[in-house]
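Chemist: These protein sequences, in sequence, are chains G and W.
Going by my numbering, the residue at position 445 of the first sequence is 446; the numbering climbs one at a time, nothing skipped.
Going by my numbering, the residue at position 193 of the second sequence is 233; the numbering climbs one at a time, nothing skipped.
Ideal placement from N, C-alpha and C gives every residue a C-beta, glycine not left out.
The following block contains the structure, expressed as structure tokens.
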Amino acid sequence: MVQLPPDLLNPLMWILALPLSGAAFLAVVPRWRQAAWLNVLISLGTFLASLALFSHRPEPGNLLFIDDFNIYLVVLTAFVGFTTAMFSAAYINRESKSKRLSPKHLRFYHAMYQAFLFTMLLALTANNIGVMWVAVEAATLTTVLMVSLYRTREAIEAAWKYFILCSVGIGLALFGTILVYLAAQPVMGDGAPAMAWTLMIKRASLFQPELMSLAFAFLLVGYGTKVGLAPLHAWLPDAHAEGPTPISAVLSGLLLNVALYAILRFKMLMAVNPQALQPGPLMIGMGCSSIFIAAFMLYRRGDIKRLFAYSSVEHMGIMTFAFGMGGPLANFAGLLHMTMHSLVKSAIFFAVGLITQATGTKRIADIRGLTASQPLLGWCFVVGVLAIAGLPPMGIFMSEFLVVSSTFERNPLLAVPVMLGLLVTFGALILRMTGMAFGEPSPLPGLDIGKRPSAFTYSVGMLPMGAHLLLALAAGIYLPEPLVVWFQSVAKMLG
Amino acid sequence: MSLGHFAYSTAHLIGATVLMMGFGLLYQRRMTAVINTYSFQAMALAAAAAWQAYVQNAPHLYATAAIALVFKGMLVPFALNWLVKQLGIHRTVETALGIGPTMIVGVGLVALSIVLVLPVTESATAMTRENLALAMSVVLLGLLMMITRRNAVTQVVGFMALENGLILAAVGAKGMPLVVEISIAFSVLVAMTLFGIFFFRIRERFDTLDLAYLETFRGERQ
Numbered sequence: 002m003v004q005l006p007p008d009l010l011n012p013l014m015w016i017l018a019l020p021l022s023g024a025a026f027l028a029v030v031p032r033w034r035q036a037a038w039l040n041v042l043i044s045l046g047t048f049l050a051s052l053a054l055f056s057h058r059p060e061p062g063n064l065l066f067i068d069d070f071n072i073y074l075v076v077l078t079a080f081v082g083f084t085t086a087m088f089s090a091a092y093i094n095r096e097s098k099s100k101r102l103s104p105k106h107l108r109f110y111h112a113m114y115q116a117f118l119f120t121m122l123l124a125l126t127a128n129n130i131g132v133m134w135v136a137v138e139a140a141t142l143t144t145v146l147m148v149s150l151y152r153t154r155e156a157i158e159a160a161w162k163y164f165i166l167c168s169v170g171i172g173l174a175l176f177g178t179i180l181v182y183l184a185a186q187p188v189m190g191d192g193a194p195a196m197a198w199t200l201m202i203k204r205a206s207l208f209q210p211e212l213m214s215l216a217f218a219f220l221l222v223g224y225g226t227k228v229g230l231a232p233l234h235a236w237l238p239d240a241h242a243e244g245p246t247p248i249s250a251v252l253s254g255l256l257l258n259v260a261l262y263a264i265l266r267f268k269m270l271m272a273v274n275p276q277a278l279q280p281g282p283l284m285i286g287m288g289c290s291s292i293f294i295a296a297f298m299l300y301r302r303g304d305i306k307r308l309f310a311y312s313s314v315e316h317m318g319i320m321t322f323a324f325g326m327g328g329p330l331a332n333f334a335g336l337l338h339m340t341m342h343s344l345v346k347s348a349i350f351f352a353v354g355l356i357t358q359a360t361g362t363k364r365i366a367d368i369r370g371l372t373a374s375q376p377l378l379g380w381c382f383v384v385g386v387l388a389i390a391g392l393p394p395m396g397i398f399m400s401e402f403l404v405v406s407s408t409f410e411r412n413p414l415l416a417v418p419v420m421l422g423l424l425v426t427f428g429a430l431i432l433r434m435t436g437m438a439f440g441e442p443s444p445l446p447g448l449d450i451g452k453r454p455s456a457f458t459y460s461v462g463m464l465p466m467g468a469h470l471l472l473a474l475a476a477g478i479y480l481p482e483p484l485v486v487w488f489q490s491v492a493k494m495l496g
Numbered sequence: 041m042s043l044g045h046f047a048y049s050t051a052h053l054i055g056a057t058v059l060m061m062g063f064g065l066l067y068q069r070r071m072t073a074v075i076n077t078y079s080f081q082a083m084a085l086a087a088a089a090a091w092q093a094y095v096q097n098a099p100h101l102y103a104t105a106a107i108a109l110v111f112k113g114m115l116v117p118f119a120l121n122w123l124v125k126q127l128g129i130h131r132t133v134e135t136a137l138g139i140g141p142t143m144i145v146g147v148g149l150v151a152l153s154i155v156l157v158l159p160v161t162e163s164a165t166a167m168t169r170e171n172l173a174l175a176m177s178v179v180l181l182g183l184l185m186m187i188t189r190r191n192a193v194t195q196v197v198g199f200m201a202l203e204n205g206l207i208l209a210a211v212g213a214k215g216m217p218l219v220v221e222i223s224i225a226f227s228v229l230v231a232m233t234l235f236g237i238f239f240f241r242i243r244e245r246f247d248t249l250d251l252a253y254l255e256t257f258r259g260e261r262q
């Protein structure tokens, strides 16, 4: 018997090594068709490795760790990464046939896609606030490059804006990180222990409270820029609108979650330190402002991708609000909302990608009668929008209901702005959706791709969307018992 | 005691030099002068990192010092000067807020960071405290420069000045790990931007790097 080295049996190693080596490999694969499928395969491998975490949870190490909180985000990230890779294969197929992207750009795109997954997974599993910061910074860099992929004037402006705003954001987050280290260092001693989550959380009550308060202000503004919390959200709609649609899906569905995860980890340190500033009110304030600004911005949107980008700002606001309220029920609702929003919002972006390819436009006014011209796609789009607007029986209804009812229970006045924001958003989304989905179909000039896509490409494009919507529906009707217990335990951890 | 005091005074002096260069960036009116001032700031940062490496007996900080000296102090200014020449960018700095008011706001920001940092770090050593206050001032001045200068190159210089402040804070935090990795990560970020501005994007697409000019597209044309 050959004894395998222990690292090979550690799923965590595979989760990080697969996308990293995949990025290097895809950078040299010359044919985009093979690259697209390899991209799917590598992402599938990462997803399977992440599932193995449930049975083989590794011991926390110096640099990486897995606990109850991040395991679920790792699995969610790997899953959405995999389904988006599938959608991307179908999407890229059409884009390249219509000559919008050259083979060189596509090679770059696939390598960057895996690099992006790697940085997100590293940020989620890092057991060191410095490593996490480096990973978030690298995630910004890879997405900036992908947003500018089309090289149009608008794409470059969007990428520039994204780069400048988020660089400043992560710069401030680094300053906050240094302050946390300075607060921890007298207690934990010099060096790496004063930056490790697993060690810091045990003794965080002894950290110097004033320094922690100052640090949290920087961290909230810094990582909050990346979450897209209003008024720091200016980069988000542009970056979502101008990049390739699969990237919009992972930006909204995953990257915003990763940034919020960073804030929540620091909030956990604050929560065990009673003399430090209470992070709750700050987060509630930023959450409310995001919900409001996004809700009213939704009415004036003329571009379909920007519409849903603002909807992401609103949903990140709801989550931040829920976590700011704190307590078992609101945290539970926030975690559920994070999951549901990832699934539903990426499904909507898949639909939007197919719609813009079929109609050849992103202007809402030019898209009409989708349910008549493209029945399956049109109805999936309708279901997705109803889900994101918060109608039952989809999962988002349940999480929003929990957010509002737990707020009513504890502070009824705070529930009023949230309810108002939700209603305004609902109106805006339904208004835009009915215009696009029903009525006299608009002509479908579409992208010039020669012939209709094959049945295979078509189903590869549709499958991820269907899977996401079904999962969101299933979660809305029945949450399995183990999942509930697990959400509850994480909600308790978050304090 | 005497060495400790000397170490503290020297660190203070070098930190203050970095801060003065931060102010210097705000009142320059010519592009070349802005780039040169940035170069001096990076060299002062290199001195600060090297001094901390010596005082804390932390050899890895010499690597940070070397990155600051060679990459930020020499290569980046050289690349920026070349970029300005190649792209035919305006040689005068275009401001969104006049020089005088900017300086006044800058002084206010330094006062703010001293007021914020000194009371909350009473338990830390004097060296850490003052270094942190200086570093936060440099960060805020960099932010101010990004806000009040309209041209893309001066905005990038503002971002790099902000980053100098962050590295100053990181080298002053005793025993902080990963400082070298963080400075490398920032250098990659900066290099990618300069590369991006030049090779692919902005040269072939825009006649000017003035961001007000880029703002023509709002994405909401009905």
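#1: Please decide whether glycine 23 (chain G) counts as near chain W, where near means a Cβ-Cβ distance under 9 angstroms.
#2: Given a limit of 8 angstroms on CB to CB distance, which residues of the stretch 80 to 112 of chain W reach chain G?
#3: Residues of the stretch 155 to 183 of chain W with a CB closer than 9 angstroms to any CB of chain G: list them in chain order, please.
#4: Report all residues from its chain with a CB closer than 6 angstroms to the CB of valine 145 (chain G); omit the five preceding and five following residues, and keep chain order.
#5: Alpha carbon to alpha carbon, how far is leucine 142 (chain G) from glycine 440 (chain G)?
#6: Are the C-beta atoms of alanine 213 (chain W) and some chain G residue less than 9 angstroms apart?
#7: What number of angstroms, rounded off, separates the C-alpha of alanine 210 (chain W) from the C-alpha of asparagine 63 (chain G)?
#8: Please go through the same chain and pick out, in chain order, the residues whose beta-carbon is closer than 7 angstroms to the beta-carbon of leucine 175 (chain G), but skip the five residues on each side of it.
#9: What's the call for alanine 56 (chain G), buried or exposed, on a 16-neighbour Cβ count within 10 Å?
#10: Can you list the residues of chain W that phenylalanine 211 (chain G) reaches, using a CB-CB cut of under 9 angstroms?
#11: Let me see if you follow: with CB-CB separation under 9 angstroms, is glycine 203 (chain W) close to chain G or not?
#12: Taking proline 394 (chain G) and isoleucine 478 (chain G) to be in contact with their CB atoms under 8 angstroms, please state how far apart those CB atoms are, rounded to whole angstroms.
#13: Going along the chain, which residues of its own chain have a beta-carbon closer than 7 angstroms to the beta-carbon of serine 227 (chain W), five neighbours each way excluded?
#14: Along chain G, in chain order, which residues have C-beta atoms closer than 7 angstroms to that of alanine 210 (chain W)?
#15: For the stretch 266 to 280 of chain G, which residues have a CB atom closer than 9 angstroms to at least one CB atom of chain W, in sequence order?
#16: Any beta-carbon of chain W closer than 9 angstroms to the one on phenylalanine 164 (chain G)?
#17: If you count every other CB in all the chains shown that lies within 10 Å of the CB of glycine 128 (chain W), and 16 or more means buried, which is it?
#18: Taking only runs that begin and end inside the stretch 51 to 127 of chain W, name each unbroken alpha helix (DSSP H) of 4 or more residues, in chain order.
#19: Is there a Cβ of chain G sitting closer than 9 angstroms to that of glycine 44 (chain W), yes or no?
#20: For chain G, check one thing: does any of its Cβ atoms lie closer than 9 angstroms to the Cβ of glycine 55 (chain W)?
#21: Taking contact to mean at least 3 C-beta pairs separated by less than 8 angstroms, is the stretch 230 to 238 of chain G in contact with the stretch 178 to 188 of chain G?
#22: Exposed or buried, which one is histidine 111 (chain G) when buried takes at least 16 other CB atoms within 10 Å?
#23: What in chain G is Cβ-close to glutamine 195 (chain W), meaning under 7 angstroms?
#24: With three or more C-beta pairs closer than 8 angstroms as the rule, is the stretch 194 to 208 of chain G touching the stretch 142 to 149 of chain W?
#25: Look at the alpha carbon of alanine 272 (chain G) and the alpha carbon of leucine 415 (chain G), and state the distance between them as a whole number of angstroms.
#26: Which term fits asparagine 412 (chain G), buried or exposed, when burial requires 16 or more other beta carbons within 10 angstroms of its beta carbon?
#27: CA-CA distance, valine 95 (chain W) and glycine 55 (chain W)?
#28: Tell me which same chain residues have a C-beta within less than 6 angstroms of the C-beta of phenylalanine 497 (chain G), skipping the five on either side of it?
#29: Three or more beta-carbon pairs under 8 angstroms between the stretch 112 to 130 of chain G and the stretch 467 to 483 of chain G, yes or no?
#30: Taking all protein chains shown into account, decide if leucine 17 (chain G) is buried (16 or more other Cβ within 10 angstroms of its Cβ) or exposed.
#31: Any beta carbon of chain G sitting closer than 9 angstroms to that of leucine 127 (chain W)?
#32: When you compare the CB of proline 217 (chain W) with every CB in chain G, is at least one pair closer than 9 angstroms?
#33: Check whether the stretch 290 to 302 of chain G touches the stretch 314 to 321 of chain G, counting contact only when three or more Cβ pairs, one atom from each stretch, lie closer than 8 angstroms.
#34: Looking at the secondary structure, which residues open and close the alpha helix (DSSP H) in which glutamate 35 (chain W) lies?
#35: Please tell me whether tyrosine 110 (chain G) has its Cβ less than 9 angstroms away from any Cβ of chain W.
#36: In or out: glycine 140 (chain W) buried (at least 16 other Cβ within 10 Å) or exposed?
Modeler: Short version:
#1: no
#2: none
#3: Leu156, Val157, Pro159, Val160, Thr161, Glu162, Ser163, Ala164, Thr168, Leu172, Ala175, Met176, Val179, Gly182 and Leu183
#4: Ala160, Tyr163 and Phe164
#5: 42 angstroms
#6: yes
#7: 20 angstroms
#8: Trp134
#9: The question names alanine, but residue 56 (chain G) in the sequence shown is serine. So serine 56 (chain G) ends up on the exposed side.
#10: The sequence given here has glutamate at residue 211 (chain G), not phenylalanine. In chain order: Pro159, Val160, Thr161 and Glu162.
#11: Here residue 203 (chain W) turns out to be glutamate, not glycine, going by the sequence shown. Answer yes: the Cβ-Cβ gap between glutamate 203 (chain W) and chain G drops below 9 angstroms somewhere.
#12: 5 angstroms
#13: Ile107 and Phe111
#14: Ile179
#15: none
#16: yes
#17: exposed
#18: 71 to 95, 100 to 106 and 116 to 127
#19: no
#20: no
#21: no
#22: buried
#23: Ile165
#24: no
#25: 21 angstroms
#26: exposed
#27: 14 angstroms
#28: Limits of chain G in this structure are 2 at one end and 496 at the other, which puts residue 497 (chain G) out of reach.
#29: no
#30: buried
#31: no
#32: yes
#33: yes
#34: Lying before the first or after the last residue shown, residue 35 (chain W) is absent from chain W, which here runs from 41 to 262.
#35: no
#36: exposed
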